[in-house]
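Q: Protein chains in written order, with this note's numbering: chain U, 3 to 12; chain V, 229 to 439.
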Amino acid sequence: SMDSTKHDEL
Amino acid sequence: MNVFRILGDVSHLLAMIILLLKIWRSKSCAGISGKSQILFALVFTTRYLDLLTNFISIYNTVMKIIFLACSYTTVYMIYGKYRNTFDSENDSFRLEFLLVPVTGLSFLENYNFTPLEILWTFSIYLESVAILPQLFMISKTGEAETITTHYLFFLGLYRTLYLANWIWRYHTESFYDQIAVVSGVVQTIFYCDFFYLYVTKVLKGKKLSLP
Numbered sequence: 003s004m005d006s007t008k009h010d011e012l
Numbered sequence: 229m230n231v232f233r234i235l236g237d238v239s240h241l242l243a244m245i246i247l248l249l250k251i252w253r254s255k256s257c258a259g260i261s262g263k264s265q266i267l268f269a270l271v272f273t274t275r276y277l278d279l280l281t282n283f284i285s286i287y288n289t290v291m292k293i294i295f296l297a298c299s300y301t302t303v304y305m306i307y308g309k310y311r312n313t314f315d316s317e318n319d320s321f322r323l324e325f326l327l328v329p330v331t332g333l334s335f336l337e338n339y340n341f342t343p344l345e346i347l348w349t350f351s352i353y354l355e356s357v358a359i360l361p362q363l364f365m366i367s368k369t370g371e372a373e374t375i376t377t378h379y380l381f382f383l384g385l386y387r388t389l390y391l392a393n394w395i396w397r398y399h400t401e402s403f404y405d406q407i408a409v410v411s412g413v414v415q416t417i418f419y420c421d422f423f424y425l426y427v428t429k430v431l432k433g434k435k436l437s438l439p
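#1: If we cut at 8 Å on Cβ distances, does V:W348 have a partner in chain U?
#2: Mind listing which residues of the stretch 257 to 284 of chain V have their C-beta closer than 7 Å to chain U's C-betas, in chain order?
#3: Along the chain, which unbroken stretches of the alpha helix (DSSP H) at least 4 residues long are found entirely within the stretch 330 to 404 of chain V?
#4: Label V:V328 either buried or exposed according to how many other C-beta atoms from any shown protein chain fall within 10 Å of its C-beta, with 16 as the threshold for buried.
#5: Thinking just about the alpha-carbon of each residue, which of V:S351, V:S254 and V:T369 is nearest to the one in V:V271?
#6: Let me check understanding here. Comparing Cα to Cα, which of V:K263, V:V430 and V:C257 lies closest to V:E324?
#7: Quick one: Cα of V:C420 to Cα of V:Q265, how far?
#8: Give a yes or no on whether the minimum CB-CB distance between V:M291 and chain U is below 8 Å.
#9: Unbroken alpha helix (DSSP H) runs of length 4 or more, entirely within the stretch 244 to 295 of chain V: which are they?
#10: Taking 8 Å as the CB-CB cut-off, is V:A392 touching chain U?
#11: What did DSSP end up calling V:S299 once you bin it into helix, strand or coil?
Below, the structure is given as structure tokens:
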């Protein structure tokens, strides 16, 4: 699953 | 947050600090590709626009700001402060060969057709190929200073650790970011040849020089 509005990696 | 992710971020930061220290202490950018450094500055700029729209964590915000600062300082060192030591003759990779396909692909293959999301995708694709001007420069001159190879090693290590991070996250959180994973695998492959030379030459005390 991938919430594309929230990229939590650098 | 897992150990691979933290170590990956630390490696990434270490790579950038090693490069800055090399330039600062030798007062020279010899052997460094300014084009690769411009691409990395572009990568961080287009990826971290969410600093303005989306808060994730203190760690995330602070690291993004540090990465941006390191990246722009490096570009300034190469094209500003120490530009007379910059070997522009051998930094002759044609950036349009990377920028045109990367731009096209980020419009075609993304999660959301919105400006911020397309720029994020652009940054992921661009990062996977941003080191190519530097590797091209080394293959052209046939050598690299040992400190430059340490920089490349930590940059490659960062990507390799992120692969482990994604495998971990897939199993523990069912997290799977296809665009980042595919680009990350491509990016890591570019370092394989260099890793081989690093282990067989640099770690045995020899200078990295190509036949």
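By construction, the Cβ of each residue, glycine as well, lies at the ideal position given by its N, Cα and C atoms.
A: Taking the structure as given:
#1: Against the second sequence, residue 348 of chain V aligns to sequence position 120. So yes, V:W348 belongs to the interface.
#2: D278, N282 and I284
#3: 343 to 357, 360 to 369 and 374 to 401
#4: Taking the first residue of the second sequence as position 1, residue 328 of chain V is located at position 100. Counting Cβ neighbours within 10 Å, V:V328 comes out exposed, since fewer than 16 surround it.
#5: Indexing the second sequence from 1 puts residue 271 of chain V at position 43. Ranking V:S351, V:S254 and V:T369 by Cα distance to V:V271 puts V:S351 first.
#6: Here residue 324 of chain V is taken as the residue at index 96 of the second sequence, counted from 1. Comparing Cα positions, the closest option is V:K263.
#7: Position 192 of the second sequence, counted from the start, is the residue given in the question as residue 420 of chain V. Position 37 of the second sequence, counted from the start, is the residue given in the question as residue 265 of chain V. The alpha-carbon atoms of V:C420 and V:Q265 are separated by roughly 20 Å.
#8: Here residue 291 of chain V refers to the residue found at position 63 when the second sequence is read from its first residue. By this cut-off, V:M291 is an interface position.
#9: 262 to 275
#10: Residue mapping note: residue 392 of chain V aligns to position 164 of the second sequence, counting from 1. No, its Cβ sits nowhere closer than 8 Å to a Cβ of chain U.
#11: Position 71 of the second sequence holds residue 299 of chain V. Note: V:S299 maps to helix in three-state DSSP.
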